[in-house]
Amino acid sequence: MSKDHQHTTAGTHRGRLGIALAITATVLVAEVVGALVTGSLALLVDAGHMLTDAGGLLMALLAATAMNRPPTARRTWGWARIEILAAGAQAAILLAVGLYAFIEGVQRLLAPPEVAAGGLLFLGILGLGANIASVAVLSGGRSHNLNMRAAFLEVVNDALGSVAVIVSALIIQFTGWTRADALAGMLISILILPRAVTILRQAGSVLLETVPKGLDLGQVRSHLLGLPHVTDVHDLHASLIGTGLPVLSAHVVLEDSCFHDGHTHELLDQLQDCVRQHFDVSVEHSTFQLEPTTHSSHEDHTHQ
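In terms of the working numbering, the sequence shown is residues 32 to 335.
Listed below in structure tokens is the structure:
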């Protein structure tokens with residue numbers, strides 16, 4: 032991918048995130064005021080969700096900007112991993128909001144307050160329209176990285192939350208059953224929690240440098256050992272720097288003759304081609320330390 036294309040893509044994502052942030056912030060203000068006027072838990076929880084979305088979209092926007100900064104001597108991968116930190120922070124906030132909403136919903140089921148259904152319905156429809164607009168804006172970039180996916184999932188959850196607000200308003204309007212508001216708030220929390228946990232797990236997996244999904248190190252080792260003159264492979268590691276950026280390193284033991292007849296560079300090409308082409312995850316950034324069979328006696332320890 033050319034540098035110009037990277038800048039263009041990053042600029043497109045910043046534009047999408049900026050539009051979604053403006054829409055979300057506008058609806059947030061309206062829902063906070065509406066929750067105070069109507070006394071609705073569902074609307075209050077949705078406003079809280081909107082607040083975390085606005086903060087999450089702001090973090091995503093800052094992350095998308097930072098990710099475009101070039102590597103330096105101190106940060107050799109640039110700011111590529113900041114998208115993981117931003118996604119994890121968004122998910123942690125969503126998890127806290129979801130837990131609060133569920134606990135508050137249980138309390139309101141036991142002692143339901145009065146809820147103004149008319150205002151609740153209006154604000155639910157307003158929120159749904161804004162959510163649909165944000166979903167449309169972010170949908171084109173949701174598969175680019177974890178940061179964009181987290182932002183997209185947040186506004187999708189908001190849209191589902193707005194639907195719950197509308198349904199509860201209609202139930203209250205036509206039946207007077209105010210507990211529908213508490214149930215809607217709890218439903219929104221149930222929608223929030225699994226997605227928050229999923230994003231947290233994925234972000235944590237990257238930060239713990241887990242082997243990328245779809246890459247089997249046992250198969251990688253077998254492929255490398257199948258190459259001519261390779262006698263052993265150890266200290267094999269693979270991880271993700273950021274979405275779409277897997278890295279792999281290994282110590283590869285070669286027959287001693289390879290270091291005398293001048294074809295180690297050909298073997299290095301074969302090693303790199305192997306991890307780039309033979310697996311579901313294409314590893315473009317690989318580092319191989321080529322060793323003669325006698326080198327192991329100089330190493331303190333190795334990892335298989």
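Built from N, CA and C at the ideal position, the CB exists for glycine as well.
Ignore the nearest five residues each way along the sequence and tell me which others in residue i's own chain have a CB closer than 8 Å to its CB.
i	result
H291	none
G235	G119
G109	M98, R100, P101, P102 and T103
Got a sec, what are the start and stop residues for the beta strand (DSSP E) residue i sits in?
i	result
G273	V261 to G273
Taking DSSP as the reference, what is the three-state secondary structure of residue i?
i	result
E322	strand
S253	helix
S199	helix
L241	A quick correction: the sequence has Thr, not Leu, at residue 241. Coil at T241, not helix or strand.
A104	coil
H294	coil
N99	coil
G86	helix
Around the Cβ of residue i, are there at least 16 other Cβ atoms within 10 angstroms (buried) or fewer (exposed)?
i	result
E62	buried
T103	exposed
F310	buried
L67	exposed
F336	This structure gives no information on residue 336, because the portion of the chain shown stretches from 32 to 335.
S165	buried
P277	buried
P243	buried
D77	buried
A227	buried
S288	exposed
Note the first and the last residue of the continuous alpha helix (DSSP H) segment covering residue i.
i	result
V283	Not the alpha helix (DSSP H): V283 falls in the beta strand (DSSP E), residues L276 to L285.
C135	Reading off the sequence, residue 135 comes out as Glu, not Cys. E135 -> alpha helix (DSSP H) spans I113 to L141.
S313	Per DSSP, S313 belongs to no alpha helix (DSSP H) and is neither H nor E.
T229	R210 to L238
V168	A148 to L169
Relative to the C-alpha of residue i, which residue among the options is closest?
i	options	result
V128	M217, E145, A195 and A51	M217
R106	C305, L140, I272 and A213	I272
S270	R112, Q320 and A97	R112
R252	D311, R139, H265 and R232	H265
E286	H294, L298, T295 and H260	H260
I219	T295, F319 and Y131	Y131
L82	L116, D263 and E185	E185
T229	M90, A123, I50 and H282	A123
V137	L267, G293, A215 and L238	A215
I134	L298, Q233 and I221	I221
With a CB to CB cut of under 7 Å and the five nearest residues on each side skipped, what residues in its chain are close to residue i?
i	result
A85	L52, T55, A56 and L59
I163	A190
L157	V58 and A61
V306	V251, L279, V314 and S317
L75	A66
Counting only beta-carbon atoms, is residue i nearer than 8 Å to chain D?
i	result
I156	Although the question refers to chain D, the structure presented lacks it and comprises just one protein chain.
Excluding the 5 residues preceding and the 5 following residue i in the sequence, name in chain order all residues of the same chain whose CB lies nearer than 6 Å to its CB.
i	result
S71	V146, L151 and D212
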